[in-house]
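Below is one structure, written out as structure tokens; comments come after it.
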Amino acid sequence: MSAHNEETPILIEDELADEESGEAVVLEADADAAGQRLDQWLAAKLGPELSRSRVQALIR
0 MSAHNEETPI
10 LIEDELADEE
20 SGEAVVLEAD
30 ADAAGQRLDQ
40 WLAAKLGPEL
50 SRSRVQALIR
């Protein structure tokens with residue numbers, strides 16, 4: 000996979016934009032997250048709004 004993508008990216012913020020609060024979500028990983036896959040960690044932190052596979056697709 001190349002770092003350059005011709006398609007318009009879909010951001011995680013776009014997926015969560017319909018939340019009532021409309022506020023940005025800031026997540027900070029602590030030492031307990033070391034060694035964990037990013038997609039799994041994000042999916043656990045974001046809850047049911049985004050599945051792990053959707054988070055993984057957004058990362059790619």
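No gaps in the numbering here: position 57 of the sequence shown is 56 in numbering that gives the first Met the number 0, and each next residue is one more. All residues carry an ideal CB built from backbone N, CA and C; glycine is no exception. In this text the structure is predicted, and so the values were computed from the model without any measurement.
Is any beta-carbon of chain D found at less than 9 angstroms from that of residue 58?
Judged by its chain identifiers, the structure shown contains no chain D, having just a single protein chain.
Kindly indicate which residue of 24, 37, 27 has the alpha-carbon position closest to the one of residue 59.
37
Just reading off the alpha helix (DSSP H) that residue 43 is part of, what are its end residues?
37-45
Limits of the unbroken alpha helix (DSSP H) element including residue 56:
Start and end: 51-58.
What three-state label does DSSP hand residue 29 in the structure shown?
coil
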